[in-house]
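Visitor:
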Amino acid sequence: MSRVNVKKFEVHPYSQNSTDLLVEACLFKIHILPSRNANLALFLNFLRFLGDHIPMSGGQSFAYTKREPLGVCAGIGAWNYPFQTCSWKCAPALACGNTLVYKPSPWAPITPVLLGEVLAAAGLPKGVFSVVQFAYLSRKLRLSQGEKETGEALISHPDVVKVSFTGSVTTGQRIMEVCSKTLKKVTLELGGKSPLIIFDDCDLENAVKGAMMANFPTQGEVCSNGTRVFVHKKIYDQFLQKLVKRTKNLKIGDPLEHGTLVGAMITKEHMEKVHQFVERAKQEASFSFW
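Numbering-wise (the working numbering), the sequence shown opens with residue 556 and increments by one.
(1) Below 8 Å on the Cβ atoms is my contact criterion, and I expect V718 with V741 to pass it. Report the Cβ-Cβ distance as a whole number of Å.
(2) Whole angstroms is fine: what's the gap from K764's alpha carbon to D755's?
(3) How many Å lie between E827 and Y619 at the Cα?
(4) Comparing C-alpha positions only, which one of S660, C641, F689 sits nearest to L674?
(5) Looking only at its own chain, which residues have a Cβ that is under 8 Å from the Cβ of G746, when we skip the five neighbours before and after it?
(6) Figure out for me which residue from K681, A676, T666 has the closest Cα to the Cα of Q688.
(7) Would DSSP call K764 helix, strand or coil?
(8) Taking the Cβ atom as the reference point for each residue, do I753 and H787 lie within a distance shorter than 8 Å?
(9) Answer with buried or exposed for G682, where buried requires no fewer than 16 other C-beta atoms within 10 angstroms of its C-beta.
(10) When DSSP labels each residue in this structure, what does K717 get in the three-state scheme?
(11) For A769, name the three-state secondary structure that DSSP assigns.
(12) Let me make sure I understand the geometry here. Which of Y791, G626, E824, E672 has the alpha-carbon closest to that of A762?
(13) Kindly indicate the opening and closing residues of the alpha helix (DSSP H) around C734.
(14) Across which residues does DSSP place A629 in a beta bridge pair?
(15) So C651 packs on P680, CB below 8 Å; how close in whole Å?
(16) Q774 to A677, Cα distance in whole Å?
(17) Assign V656 to one of two classes, buried (16 or more other C-beta atoms within 10 Å of its C-beta) or exposed (fewer than that).
(18) Looking at the secondary structure, which residues open and close the alpha helix (DSSP H) in which F684 lies?
(19) May I have the straight-line CA-CA distance separating S749 from F617, to the nearest angstrom?
(20) Work out the CA separation of P713 and S693 for me, nearest whole Å.
(21) Within its chain, find whatever has a CB closer than 7 Å to the CB of I710; leave out the 5 residues flanking it on each side and keep chain order.
(22) What's the C-alpha gap between L805 and G706?
(23) Would E776 and N653 qualify as a contact pair, given that the criterion is a beta-carbon distance under 8 Å?
(24) Since I believe F638 is in contact with L670 (beta carbons under 8 Å), could you give me their beta-carbon distance rounded to a whole number of angstroms?
Laid out in structure tokens, this is it:
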């Protein structure tokens, strides 16, 4: 069997469109001003050497590149975009001939199982894509504790050569620490705090729309949310008025109902944490104008 016949996805009920996967490697030339330092000169020559295609001399040599799979890869995903996160880790790994063991968030455990059915329907051999779950069997065992044990066992396994993780900075640091002991390859997509800066010469309606899009999708549970909005003092009042009006018009309700724009947060504990930040913001509110 070829690694993945993507067109076969079309016959599966969970798949709407075929997917083409392209993996490209790019090598860019770097130009730096010359220096009298001999070490720097050697460094620059080395960069130029790597940046150019190696010319073949007189047809006396034959050179080729052989792309080989890494082997067993591990993926650990987040709950806010479970399908995308799993797909981003699964598709490149399998397209390059690797196998993948995927651990989803315990708050979104079903999606990768459905994706596994899609891959099985496409003809993927058994064991090429595997899903490992954390079983919450005892109330005495904290969810975070059991999930941590499952993740640690996965990333520290000697057969795993590559780890891809999406989640918090703290967990990412721990994964980097564990994987460094065996020099595993690591890719981290971590949370962030994204600023949105709005100048006085902006298209105000478009700026308000951008602020809405930067904060409210997925109940605001997105790592790249524009959680800090800086507005020029000349348009601050207008911007705030329009933003509040649009925010009040958001339909909050059942995510399965048509027209709902804001649904439930992932857990009660997370909702309470967000409420704490809201109350803190009310108490510590201050304004700076520029």
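Even glycine gets a Cβ: it sits at the ideal position worked out from N, Cα and C.
Note that the structure is a prediction, hence the values are computed from the model and not measured.
Guide: On the basis of the coordinates in this document:
(1) Locating residue 718 in the sequence shown gives position 163, where the first residue counts as 1. Locating residue 741 in the sequence shown gives position 186, where the first residue counts as 1. With a contact defined as Cβ atoms closer than 8 Å, V718 and V741 qualify at about 5 Å.
(2) One-based indexing of the sequence shown puts residue 764 at position 209. One-based indexing of the sequence shown puts residue 755 at position 200. About 16 Å.
(3) Along the sequence shown, one-based indexing puts residue 827 at 272. Along the sequence shown, one-based indexing puts residue 619 at 64. Taking the straight line from one Cα to the other gives about 58 Å.
(4) Translated into positions along the sequence shown, residue 674 becomes position 119. Here the closest residue by C-alpha is C641.
(5) Residue 746 sits at position 191 when you count from the first residue of the sequence shown. G722, S723, V724, C778, listed in sequence order.
(6) Your numbering for residue 688 matches position 133 in the sequence shown. By alpha-carbon distance to Q688, the top candidate from K681, A676, T666 is T666.
(7) Taking the first residue of the sequence shown as position 1, residue 764 is located at position 209. Helix.
(8) Taking the sequence shown and counting its residues from 1, one reaches residue 753 at position 198. Taking the sequence shown and counting its residues from 1, one reaches residue 787 at position 232. In this structure, H787 lies closer than 8 Å to I753 by Cβ.
(9) What you label residue 682 is simply residue 127 of the sequence shown in a count that begins at 1. Exposed, since its Cβ has fewer than 16 Cβ neighbours within 10 Å.
(10) Counting from one through the sequence shown, the residue named residue 717 turns up at place 162. Of the three classes helix, strand and coil, the one that applies to K717 here is strand, per DSSP.
(11) Translated into the one-based positions of the sequence shown, residue 769 becomes position 214. If DSSP states are grouped into helix, strand and coil, A769 belongs with the helices.
(12) To locate residue 762, count along the sequence shown from 1; it is residue 207. A762 has its Cα closest to that of Y791, out of Y791, G626, E824, E672.
(13) By 1-based counting over the sequence shown, the position of residue 734 is 179. Bounds of the alpha helix (DSSP H) holding C734 are 724 to 735.
(14) Against the sequence shown, residue 629 aligns to sequence position 74. Answer by DSSP bridge pairing, in chain order: V656, V718.
(15) Here residue 651 refers to the residue found at position 96 of the sequence shown. Here residue 680 refers to the residue found at position 125 of the sequence shown. 16 Å between Cβ atoms; not a contact.
(16) Within the sequence shown, the letter at position 219 stands for residue 774. Within the sequence shown, the letter at position 122 stands for residue 677. For Q774 and A677, the gap between their C-alpha atoms comes out near 34 Å.
(17) Walking along the sequence shown from the start, residue 656 turns up at place 101. Buried, since its Cβ has 16 or more Cβ neighbours within 10 Å.
(18) Walking along the sequence shown from the start, residue 684 turns up at place 129. For F684, there is no enclosing alpha helix (DSSP H); the enclosing beta strand (DSSP E) has its first and last residue at 684 to 686.
(19) Here the question's residue 749 lines up with position 194 in the sequence shown. Here the question's residue 617 lines up with position 62 in the sequence shown. Taking the straight line joining both Cα atoms gives about 49 Å.
(20) Taking the first residue of the sequence shown as position 1, residue 693 is located at position 138. Taking the first residue of the sequence shown as position 1, residue 713 is located at position 158. Residue confidence is low: S693 scores 47 on pLDDT, short of 50, so the model does not pin down where it sits. Its coordinate-derived value is still stated next. Cα-Cα distance, rounded: 29 Å.
(21) Your numbering for residue 710 matches position 155 in the sequence shown. Take I710, set aside five residues on each side of it, and the residues of its chain with a beta-carbon closer than 7 Å to its own are A629, V718, I730, V733, C734, in chain order.
(22) Position 250 of the sequence shown, counted from the start, is the residue given in the question as residue 805. Position 151 of the sequence shown, counted from the start, is the residue given in the question as residue 706. Spanning the two alpha carbons is a distance of roughly 38 Å.
(23) For the purposes of this step, residue 776 is identified with residue 221 of the sequence shown, where counting begins at 1. For the purposes of this step, residue 653 is identified with residue 98 of the sequence shown, where counting begins at 1. Result no, Cβ atoms of E776 and N653 do not sit closer than 8 Å.
(24) As a first step, residue 670 is located in the sequence shown; it is residue number 115 there, counting from the start. As a first step, residue 638 is located in the sequence shown; it is residue number 83 there, counting from the start. Cβ-Cβ separation between L670 and F638: approximately 7 Å, consistent with a contact (criterion under 8 Å).
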